[in-house]
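Working notes, beginning with the structure itself.
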Amino acid sequence: MSSKVQKIMVQPINLIFRYLQNKSRVQIWLFDKTDMRIEGQIIGFDEFMNLVLEDGEEIDTKNNTRIKIGRLMLKGDNITLIQGVEN
Numbered sequence: 001m002s003s004k005v006q007k008i009m010v011q012p013i014n015l016i017f018r019y020l021q022n023k024s025r026v027q028i029w030l031f032d033k034t035d036m037r038i039e040g041q042i043i044g045f046d047e048f049m050n051l052v053l054e055d056g057e058e059i060d061t062k063n064n065t066r067i068k069i070g071r072l073m074l075k076g077d078n079i080t081l082i083q084g085v086e087n
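In C-alpha cells form, the structure reads like this:
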C-alpha cells in the first residue's frame, strides 16, 4: 500500500487571508529597496495586494537595524515577497 500525498494549489489571496485570520506576523520584501524589509501584522488588504500592517517595523538588512513605524499602508506594487515570521 502506498499513500499518496495530495497537493493543492493555494491562491495568493487565500494565503494573505490566512495570515490575517491567524494574526501572523509577516515580513515583506520590497521591490525597489532590496536592502530593506517591512515586518508587521496584516490587518487589512484588497484585491490589488495593498496591505495595511499593524506594529510595523522597517528593517535595514545592511546595518541590521529596526525602526518602529506603527500602522502603515503598503501599496501592492512595492511588494516582492510576503513570508510568515516566527515570533
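Quick note: the sequence shown, position 51, residue 51 per full-length UniProt numbering, numbers continuous.
Heads up, the beta-carbon is just placed ideally off N, CA and C, and yes, glycines get one too.
DSSP places residue 11 in the coil class of the three-state scheme, outside both helix and strand. Under a 10 Å Cβ-count criterion, residue 44 is classified as exposed, with fewer than 16 other Cβ atoms of the shown protein chains found around its own Cβ. Relative to the Cα of residue 86, the nearest Cα in the group 27, 14, 6 and 3 belongs to 27. By the Cβ neighbour-count rule, residue 81 is exposed, with fewer than 16 other Cβ atoms within 10 Å of its own.
Cα atoms of residue 66 and residue 3: separation of roughly 46 Å, rounded to the nearest angstrom.
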